[in-house]
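Engineer: Here it is: the structure, laid out below.
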Amino acid sequence: LGFSRMQDLDSFQEPAGAAKAKRGVVELVWLVIQVILVTGFSVAFLYVFLLPLCNFMFQCGCTWMWEGATDQCNAFDDSIPYSCPWCTISETGARVSEISMIISMVVTYLTVMYISRLLSVKIANKRKLDAPWDEPEPTPMSNITIKHLLLVIVSLVGSVLAFVCSGLFIGLVLYLSSSDYPHFIF
1488 LGFSRMQDLD
1498 SFQEPAGAAK
1508 AKRGVVELVW
1518 LVIQVILVTG
1528 FSVAFLYVFL
1538 LPLCNFMFQC
1548 GCTWMWEGAT
1558 DQCNAFDDSI
1568 PYSCPWCTIS
1578 ETGARVSEIS
1588 MIISMVVTYL
1598 TVMYISRLLS
1608 VKIANKRKLD
1618 APWDEPEPTP
1628 MSNITIKHLL
1638 LVIVSLVGSV
1648 LAFVCSGLFI
1658 GLVLYLSSSD
1668 YPHFIF
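Per the working numbering, residue 1488 is the first one in the sequence shown, and the count goes up by one each step.
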C-alpha cells in the first residue's frame, strides 16, 4: 500500500496550466525588479547629467553637481539681461520635465527588451521549423549570460539616448517659449 502511494507521487506532474501560470508569475516578478532597477538607474543618471545637458543646450553656466551645480548659471546673475529657460521654470515644471525624462528612459529600456524577446522567439521558432532535429545543446552559462548582458547594455544605451532626446525636446520647447534667450545649442 505504501509503495503504490510513493509511485503515485513520483508519477505526479504539474498540469501544463499550472507550470505556465508559475512561469508567468516569475516573469512578472522579474519585470517588476527590472522596472525598479531601471528607474533607479534613470533617476541617478538624470541627477548626474541633467545640469551638464542644460549647459550644453543653453550655455548658461550649469555644471556637475559636485562642481557647484547651478552656482554659475546665468539665471542667478542679475547683471545678465536674460535667464536660462530651464533653470527658471517653476518647481512643478521642473518635476514634470524630470519625471517625463525618467519615464522615457524606462519605457525605452522595456521596449528594447520586449522587441528583443519577440525577435528571439521568432528566430527560435524559425530554427525549429528549419531543422528541428539539428538543435544544438544549450550551454548553460556562456551564451545565455553574454546575450543577456549585451541586451541589458543595449537597452541602457537606448535609455541614455531617450534621456538626451527627451531633454533636447524639452529644452527646445523651453527655448521657443522664452522670448529673449539667445542660445540653444549654438
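Note that the Cβ used here is the ideal one computed from N, Cα and C, for glycine as well. Bear in mind the structure is a predicted one, so any value in this text is a computation, not a measurement.
#1: By the three-class DSSP mapping on this structure, what secondary structure does Thr-1526 have?
#2: In angstroms with no decimal places, state the Cα-to-Cα distance between Ser-1591 and Arg-1582.
#3: Checking 8 angstroms against the spacing of the C-beta atoms, do Tyr-1459 and Leu-1643 come in under that value?
#4: Please state the DSSP three-state secondary structure of Ile-1589.
#5: By Cβ distance, which residues of its chain are closer than 7 angstroms to Cys-1547, with the 5 residues on each side in sequence left out?
#6: Under a three-way DSSP split, which group does Ala-1675 fall into?
#7: Expressed to the nearest angstrom, what Euclidean distance is found between the alpha-carbon atoms of Ala-1505 and Leu-1515?
Structural biologist: In brief:
#1: In this structure, Thr-1526 counts as helix in the three-state DSSP scheme.
#2: So the two alpha carbons sit approximately 14 angstroms from each other.
#3: A question about residue 1459 goes unanswered here, because the residues of the chain that appear run from 1488 up to 1673.
#4: Looking at Ile-1589 - three-state DSSP - the assignment turns out to be helix.
#5: These residues qualify, in order along the chain: Cys-1541, Cys-1560, Asn-1561, Ala-1562, Cys-1571 and Cys-1574.
#6: Look at the range of the chain in this structure, 1488 to 1673, and you will see that residue 1675 is not part of it.
#7: Each residue's Cα considered, the two are about 15 angstroms apart.
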